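All residue numbers for the sequence shown refer to full-length UniProt numbering, where the first residue is 1 and numbers rise by one.
Virtual Cβ for every residue (Gly too), placed ideally from N, Cα, C.
Keep in mind it's a predicted model, so treat the numbers as computed, not measured.
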Amino acid sequence: MFTQTCYLLSYVKYGDNGAVLHCFSADTGYQSFFARGIYSSKNKKKPYLLPLNLLNITVSKPNAQKGISTASKIELSAGIHDFNDVKINSVLFFTADFLHQILREEDQNDLAFNEIEEFMHEIALNNHNSHISLIFNFLKISGIAPLFKDEKYLDPESGVFRDQISHPLFTEEISQLWKRFLTAPQTYSIKLQRAERNAFLDSLMVYYHLHFSGFYTPNSLAVLRQIYE
C-alpha cells in the first residue's frame, strides 16, 4: 500500500459510478487515480470532489509510468473546504483549472506544492486577490518570470522591460504592477482594486500564453469575471 497526499485539480466521471481524479501529489507530482464507485448512492465521499481539496489517496501498487492507478482508499487530509462564499468558490475553480494546465508534466516539486498550500491558507482568510499572487508566483517557480529593470514597459514576448510599449495590455500602469509583484517580499499582501485585478490578470494570461507551451485561458475565468461584477 502507498498513500499520497495531494490536491485535487480536476475530475471526470467515468462509467456509471466511477471517476478519474487528476491531482498534484507532494511525493510524486501530477498523478491520476481511478476512484471506483464514488458516484454510487451508498458512497459518502462524493463531497470530497471539490477543487483543491487536500486528499490522502491510497493505492495498492504505485504506477511508475504515471498512468492511472486505482485508489483503494480516499480520505480528507484536512477539513473539507465547502466555502459558502460564491466568489471564493469561483476563485477555487479557476485556480484549479489553471494549475491543471501547468502541472500536467510536473514531477515532485516542493515549491509548487507549498505554493498551493499558501494559496489555500490565504483563501481561508478571504483574500480575494490570492489567485493573482499564486499565478504570478508560479512564473518564478517555473523560471519564466521577467527580470526587474528600470525601463517603463514590460515586453511580454521577450520578458524584458523596455522604453517603448510593445503590447497594448502592458501599459505603464500594468508594467508598474509587474514591478511591484517582482519586488514584493510577500505577494499575497498586495491589494488590488477590481480594475487593476482584471487588467493584471489579463496580462498574466498573455504572458503565460507566450511562455508556456500549449497554455490557454481557462473557460472558468469568464465565470469568475461575471461573479465579481
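C-alpha gap between residue i and residue j, whole angstroms
i: Glu115; j: Ala26; result: 11 Å
i: Leu54; j: Phe215; result: 25 Å
i: His167; j: His100; result: 27 Å
i: Lys61; j: Phe2; result: 7 Å
i: His185; j: Ile132; result: One detail in the question is off: residue 185 reads as Pro in this sequence, not His. Cα-Cα distance, rounded: 15 Å.
i: Arg180; j: Phe119; result: 19 Å
i: Gly15; j: Asn126; result: 37 Å
i: Val160; j: Ser142; result: 17 Å
i: Thr58; j: Glu173; result: 48 Å
i: Lys140; j: Leu92; result: 21 Å
i: Thr171; j: Gln164; result: 10 Å
i: Ile227; j: Tyr39; result: 29 Å
i: Ile190; j: Phe98; result: 21 Å
i: Leu76; j: Glu117; result: 15 Å
i: Asn109; j: Leu182; result: 21 Å
i: Lys73; j: Arg104; result: 23 Å
i: Lys45; j: Gly67; result: 23 Å
Beta-bridge pairing of residue i - partner residues as DSSP gives them
i: Ile74; result: Ile57
i: Gln31; result: Cys23
i: Arg162; result: Tyr153
Under 8 Å between C-beta atoms of residue i and residue j
i: Leu154; j: Ser175; result: yes
i: Ala35; j: Ala71; result: yes
i: Phe33; j: Ser69; result: yes
i: Ser10; j: Ala145; result: no
i: Pro156; j: Val223; result: no
i: Gly37; j: Asn56; result: no
i: Ser203; j: Leu169; result: yes
i: Leu221; j: Phe94; result: yes
i: Phe212; j: Ile102; result: yes
Exposure label - residue i; buried when at least 16 CB within 10 Å
i: Ala112; result: buried
i: Asp150; result: exposed
i: residue 305; result: Lying outside 1 to 229, the shown extent of the chain, residue 305 is not represented and no answer is given.
i: Pro47; result: exposed
i: Asn219; result: exposed
i: Gly29; result: buried
i: Ala124; result: exposed
Same chain only: Cβ atoms within 6 Å of residue i, ignoring 5 sequence neighbours per side
i: Gln31; result: Cys23 and Ser25
i: Phe83; result: Asn89
i: Glu122; result: Ser130 and Tyr188
i: Lys13; result: Ala19
i: Arg162; result: Glu151, Tyr153 and Asp155
i: Glu106; result: Gly29 and Tyr30
i: Thr5; result: Ala26, Asn56 and Ser77
Cβ shell of residue i (< 8 Å), same chain only, five flanking positions each side left out
i: Asp209; result: Note on identity: in this sequence residue 209 is His, with Asp being the wrong assignment. Taken in chain order, the residues that qualify are Phe215, Tyr216 and Thr217.
i: Leu49; result: Leu8, Tyr11, Ala19, Leu21 and Ile38
i: Asn43; result: Asn17 and Gly37
i: Lys87; result: His128, Ile227 and Tyr228
i: Arg225; result: Asn198
Nonlocal neighbours in the same chain, by C-beta distance under 7 Å from residue i, ignoring five residues either side
i: Leu177; result: Glu196 and Phe200
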